[in-house]
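*Asks:* Please see the structure below; I have some questions.
Numbering (the numbering used here), first residue to last: 104 to 885.
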C-alpha cells in the first residue's frame, strides 16, 4: 500500500494553471473568474486584493504576464485578465478592507524605502498589528511608481488600503548604517535619523540601484554557503527584496508581500528563511475544451462593463490538471480527486479492530470498473486502479466489505463453473486450439457459442471447448484464496485439454487470463475468424441501411490486432461503421466491478456516459457491452449477430438473470447433443412452480440481482412455516427469507398453478426472530 501511496506525491492535482504560475502574485485566477462569471464583483475584488494588496495599482501597470501564456492564444486571443481586473476595480462597491480588533504586537518592524515593494511589506505587517516604521529618503512615497502613474492615483490607492491600518512614515530620512537600527547590532549608539529606535525585523526595499547594506542577493550564497536574501544583525533579522534585487515592479511588490510571511515566521518562532521560488507548474490543460471564442471588445474602448466582463470570464476554459476527471468515471462521479481517494482508501484498509475502523472508500472501491484508463491518461501515470485492486484484497481480508456486494457475482461464477453449465471436452484427441467463449456469451443466447464453434470445427476439427468462468468475480471481490483456487482450477482444465491455445470470445476473459495465467497462449476469436478466412453469408452482406459506430470494449484498448480484425470482418460484411470520437480511449461500459450492487447509481452513470459517445447504434464485440447498452434502450448488435445472422437487426430483448442460467444449461445440453451426440446426464434446471410477474416487477427483480429460484425459496418457506402476513385490502401475502447475506421480501398471490409476484425488495439487515409466533413456538432459524 505504501508504494501506491507514494506515487501520488507527483500528482498535479494542486498544480496551478499556467496563467497563475506566470503571475508574480500567483493570483488564484480561476477563483477570481468564477466570481466574475457569476456577477460577484465585490467578492472578486476581495480575492484580488487579498493577493496583490493594491489592486488599483496592479490592474493599471501590470504587463499581464498571464496573458502571454494563456492557451487560448493558440486559437484566438488570450483571456484578458488585466482588463477584467480593471473592470472589477471599477465595478466593486465595497473596497475598504475589514477592520479587525486584534491586539497590537510588541515586536517592531522597519521598512527602508517607500516604493511599491516596501509599501506592500508595510501593509502586510501592519495588518498583523505589528508597529511599522517606513523610512523614505525622498519627500514623498511611491518610488518607481512616480514614473508610471499620476501621484494622486497611487496615493489614493495607498490611502484606501491603509484606511484601517497604522504605520509611521518618516520622509526625508536616509539610512546609511543599518546596524544602528538593529537590536544589539554592534553600533555604539542608535542613529539619530532612525529616531533612536531599534527593530526586530528590517526590510530593505531601496529600489533600483539602491543601497544593499552589504546583504547577499537572493540568488547568491553567503560566505558560509547559506542562502542569500537575508541575514541577522545582532538580534534583528534583515531581509532584502524588490527592485534593488533586479526585479521588475510587479515582482518587487510580490517580494514585499511574500517576505512579510518570512518576517512573521521569524517574529513568532525565530524561524529565519527566505521565500522559496515555486516549482514550475505541471498543469496540463485539456485542449479539447478549446473552441473559437473571440475576445470581448469593450464598448468604450477602454474598460469592460459588467456584462462584458462576465462574458470575457466565461472564455476561460479553467486550465487544471483534470485528466483524471476526464478519464476516470470514479473520480468524476464521486467528485473526489485522486489524492482524496488515496487517503480514504488508505484509511479503509486499516484492520477492522483498529482504532480507525471507518471505511469511507468501501463503496467506490467495490464499484470501480478497473478500466485502467486513468493510468494511461494521467501525465504522471498514477495507478489508481492498481491501488483499488490492492485495497479490495486488503479490505476483504479485514472483513470490511459487505458480503451482499459480492453475493450475486460469486453465486453466478459458481453456477458457471458447476455441473449445470461448465463443460470441458475434446474432439477425441488433444488439439492445438480450444474455444473459450466465457460465461456470459452463451448466457445471452446459446447461438453465440454454438455457431462460431461449429465454424471453428469446420476449419480445425480437433478444436476443443472449455465452458467456464474466468474467475474475475473473485478478483473483483478481493478474495485472494478463492481467486487463487479458481485460477488453479482453470489451469488444470487447460492442462487436461493438452495445453491448447485458447480462442477467446470475451476480451475481459483474455485480459484476465493473460494477467494471471501468462503461460496460457490466447488469441481472440475475431483474429481467428479473419486469419482462417471467414466468409459472411449473402444474407449477412445485405445493406441494412444503418450506419453504426464501433465500440471497442475497455479490455481491448490498445489491442491493435484485435481491433483491426474486427474492422476487417465488419467491412467484409458490407456494414457501414465509423469510429467513436476518441476511438478506444473510453472507460468501461459499466459491467466491470461490483458497482451494479455496491453503487447502482454509479454503474448507471457509467453506462449512460458510454452510450452518449455517439448517437449512432453500436457494433460491439463484448457480450457485456451488448448487455448493458441494450438493457438501456441503445440499439446495439454484437459482431457475431452480423457474421452469423443471430440478431443482425438488434431487436431481441435481453434475457433476465434466470433466463441466463437456463441459457447456459441449454448451451451445454445442445453442445453435448449436437456435437458429441451424447445424452446430458445432469438434472433439469427449472423452478418448482411457475411465477407470473409484470414487466415492471421483473425489471426490479433483475436490478436487485434476485433469481426466480430465490423467490420460490421465499414463497415456499412462507407456505411451509406459515410465516407470512396477509393484506385484506389487496389480497396479497408478504413474506421474507434470508438468501445468503441478504433478506428478500416478496409480495405475492397464490394461483391455481404457481404464484403471481406483485413486488419484491431486499436489504442487508438480519431479522432476529421471536421464538413464539401467533402464540405458537416456531423455528427461528430461517
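Just so you know, even glycine gets a beta-carbon here, dropped at the ideal spot from N, CA and C. Keep in mind it's a predicted model, so treat the numbers as computed, not measured.
DSSP beta-bridge partners for residue 835?
*Replies:* Residue 835 sits at position 732 when you count from the first residue of the chain shown. BP columns for residue 835 point to 830.
*Asks:* Check this for me: beta carbons of residue 244 and residue 274, under 9 Å apart or not?
*Replies:* Position 141 of the chain shown holds residue 244. Position 171 of the chain shown holds residue 274. Their beta carbons are under 9 Å apart, which means residue 244 touches residue 274 by this criterion.
*Asks:* Which residues in the same chain as residue 869 place their Cβ atom closer than 6 Å to its Cβ, once the five residues preceding and following it in sequence are excluded?
*Replies:* Taking the first residue of the chain shown as 1, we reach residue 869 at position 766. Excluding sequence neighbours, residue 869 sits near nothing in its chain.
*Asks:* Give the C-beta separation of residue 834 and residue 852 to the nearest angstrom, bearing in mind that I take them to be a contact with Cβ-Cβ under 8 Å.
*Replies:* Here residue 834 refers to the residue found at position 731 of the chain shown. Here residue 852 refers to the residue found at position 749 of the chain shown. Confirmed, Cβ separation roughly 6 Å.
*Asks:* Do residue 668 and residue 624 have their C-beta atoms within less than 9 Å of each other?
*Replies:* If you number the chain shown from 1, residue 668 lands on position 565. If you number the chain shown from 1, residue 624 lands on position 521. In this structure, residue 624 does not lie closer than 9 Å to residue 668 by Cβ.
*Asks:* Round the Cβ separation of residue 158 and residue 188 to the nearest angstrom and send it over; I've been treating them as touching at under 8 Å.
*Replies:* The sequence position of residue 158 within the chain shown is 55, counting from 1. The sequence position of residue 188 within the chain shown is 85, counting from 1. Yes, residue 158 and residue 188 are in contact; Cβ-Cβ is about 7 Å, under 8 Å.
*Asks:* Between the segment 724-733 and the segment 678-692, are three or more C-beta pairs nearer than 8 Å?
*Replies:* Yes, the segment 724-733 touches the segment 678-692.
*Asks:* Could you compute how far the alpha carbon of residue 152 sits from the alpha carbon of residue 401?
*Replies:* Reading the chain shown from its first residue, position 49 is the one you call residue 152. Reading the chain shown from its first residue, position 298 is the one you call residue 401. Answer to the nearest angstrom: the Cα atoms are 24 Å apart.
*Asks:* What are the start and end residues of each continuous alpha helix (DSSP H) run of 4 or more residues lying completely inside the segment 793-828, in chain order?
*Replies:* Those alpha helix (DSSP H) runs which fall completely within the segment 793-828 and span 4+ residues are 798-806 and 811-824.
*Asks:* So, does the CB of residue 367 fall closer than 9 Å to a CB anywhere in chain D?
*Replies:* No chain D appears in the structure shown, which is made up of a single protein chain.
*Asks:* Name the DSSP beta bridge partners of residue 324, please?
*Replies:* As a working mapping, residue 324 is identified with position 221 in the chain shown. Beta-bridge pairing links residue 324 to 330.
*Asks:* For residue 615, does the three-state DSSP call read helix, strand or coil?
*Replies:* As a working mapping, residue 615 is identified with position 512 in the chain shown. If DSSP states are grouped into helix, strand and coil, residue 615 belongs with the helices.
*Asks:* Taking the runs of the alpha helix (DSSP H) that are 4 residues or longer, which of them lie wholly in the segment 757-783?
*Replies:* Qualifying alpha helix (DSSP H) stretches, in chain order: 760-777.
*Asks:* Could you give the first and the last residue of the continuous beta strand (DSSP E) run that contains residue 130?
*Replies:* Residue numbering aside, residue 130 sits at position 27 when the chain shown is read from its first letter. Unbroken run through residue 130: none, as it is neither H nor E.
*Asks:* Just to confirm the assignment: which complete alpha helix (DSSP H) runs, minimum length 4, are found wholly within the segment 697-738?
*Replies:* Runs of the alpha helix (DSSP H) inside the segment 697-738: 698-701, 703-714 and 726-734.
*Asks:* Kindly indicate the opening and closing residues of the alpha helix (DSSP H) around residue 872.
*Replies:* Translated into the one-based positions of the chain shown, residue 872 becomes position 769. Per DSSP, residue 872 belongs to no alpha helix (DSSP H) and is neither H nor E.
*Asks:* Would residue 375 and residue 365 qualify as a contact pair, given that the criterion is a beta-carbon distance under 9 Å?
*Replies:* Along the chain shown, read from residue 1 onward, the residue named residue 375 stands at position 272. Along the chain shown, read from residue 1 onward, the residue named residue 365 stands at position 262. Going by C-beta atoms, residue 375 is nearer than 9 Å to residue 365.
*Asks:* One question on the structure: do residue 710 and residue 470 come within less than 9 Å of each other, judged by their Cβ atoms?
*Replies:* Residue numbering aside, residue 710 sits at position 607 when the chain shown is read from its first letter. Residue numbering aside, residue 470 sits at position 367 when the chain shown is read from its first letter. Going by C-beta atoms, residue 710 is not nearer than 9 Å to residue 470.
*Asks:* On the DSSP letters alone, give me the boundaries of the alpha helix (DSSP H) that residue 632 sits inside.
*Replies:* Residue 632 sits at position 529 when you count from the first residue of the chain shown. Segment 628-634, the alpha helix (DSSP H) holding residue 632.
*Asks:* Using a Cβ-Cβ cut-off of 6 Å (strictly less than) and excluding sequence neighbours within five positions of residue 627, which residues of its own chain qualify?
*Replies:* The count along the chain shown starts at 1 and reaches residue 627 at position 524. Contacts found: 607 and 665.
*Asks:* Can you tell me whether DSSP reads residue 743 as helix, strand or coil?
*Replies:* Looking up residue 743 in the chain shown gives position 640. Reduced to three states, the DSSP call for residue 743 is helix.
*Asks:* Taking the C-alpha atoms as reference points, what is the distance between residue 121 and residue 674?
*Replies:* If you number the chain shown from 1, residue 121 lands on position 18. If you number the chain shown from 1, residue 674 lands on position 571. So the two alpha carbons sit approximately 46 Å from each other.
*Asks:* Tell me the DSSP secondary structure of residue 263 in three-state form.
*Replies:* In the chain shown, the residue the question calls residue 263 occupies position 160. Residue 263 falls in the helix class under three-state DSSP.
*Asks:* Would you identify the three-state DSSP class for residue 318, choosing helix, strand or coil?
*Replies:* Within the chain shown, the letter at position 215 stands for residue 318. Three-state result, residue 318: coil.
*Asks:* Quick one: what's residue 866 bridged to in DSSP?
*Replies:* If you number the chain shown from 1, residue 866 lands on position 763. The partner list for residue 866 (beta bridge, DSSP) reads 846.
*Asks:* Do residue 450 and residue 420 have their C-beta atoms closer together than 9 Å?
*Replies:* Here residue 450 is taken as the residue at index 347 of the chain shown, counted from 1. Here residue 420 is taken as the residue at index 317 of the chain shown, counted from 1. No; because the gap between Cβ atoms is not below 9 Å, this pair is not in contact.
*Asks:* Give every residue of the same chain whose Cβ lies closer than 6 Å to the Cβ of residue 228, excluding the five residues on either side of it in the sequence, and list them in chain order.
*Replies:* Looking up residue 228 in the chain shown gives position 125. 212, 235 and 363.
*Asks:* Just to confirm, is the Cβ distance from residue 768 to residue 785 under 9 Å?
*Replies:* Along the chain shown, one-based indexing puts residue 768 at 665. Along the chain shown, one-based indexing puts residue 785 at 682. Yes, the Cβ-Cβ distance between residue 768 and residue 785 is below 9 Å.
*Asks:* Whole-angstrom Cβ separation of residue 303 and residue 210, contact assumed at under 8 Å?
*Replies:* Your numbering for residue 303 matches position 200 in the chain shown. Your numbering for residue 210 matches position 107 in the chain shown. Indeed, because the Cβ distance is near 4 Å, the residues count as touching under 8 Å.
*Asks:* Evaluate contact between the segment 403-421 and the segment 137-157, counting only Cβ atoms and requiring at least three cross-stretch pairs below 8 Å.
*Replies:* Short answer: they touch.
*Asks:* Please specify which runs of the alpha helix (DSSP H), each continuous and at least 4 residues long, are wholly inside the segment 525-551, giving them in chain order.
*Replies:* DSSP runs (the alpha helix (DSSP H)) wholly in the segment 525-551: 544-547.
*Asks:* Per the DSSP calculation, residue 592 is bridged to which residue(s)?
*Replies:* Walking along the chain shown from the start, residue 592 turns up at place 489. DSSP output for residue 592 lists no bridge partner at all.
*Asks:* Where does residue 861 sit, in a helix, a strand or coil, going by DSSP?
*Replies:* Within the chain shown, residue 861 is the residue found at index 758, counting from 1. It is a strand residue.
*Asks:* Are the segment 522-533 and the segment 555-570 in contact at 8 Å, needing three or more beta carbon pairs?
*Replies:* Yes: the two stretches touch, three or more of their Cβ pairs being nearer than 8 Å.
*Asks:* Helix, strand or coil for residue 607? Go by DSSP, reduced to three states.
*Replies:* Here residue 607 is taken as the residue at index 504 of the chain shown, counted from 1. Correct three-state label for residue 607: strand.
*Asks:* Can the beta-carbon of residue 487 be found closer than 9 Å to that of residue 424?
*Replies:* As a working mapping, residue 487 is identified with position 384 in the chain shown. As a working mapping, residue 424 is identified with position 321 in the chain shown. Taking 9 Å as the Cβ cut-off, residue 487 and residue 424 do not qualify as a contacting pair.
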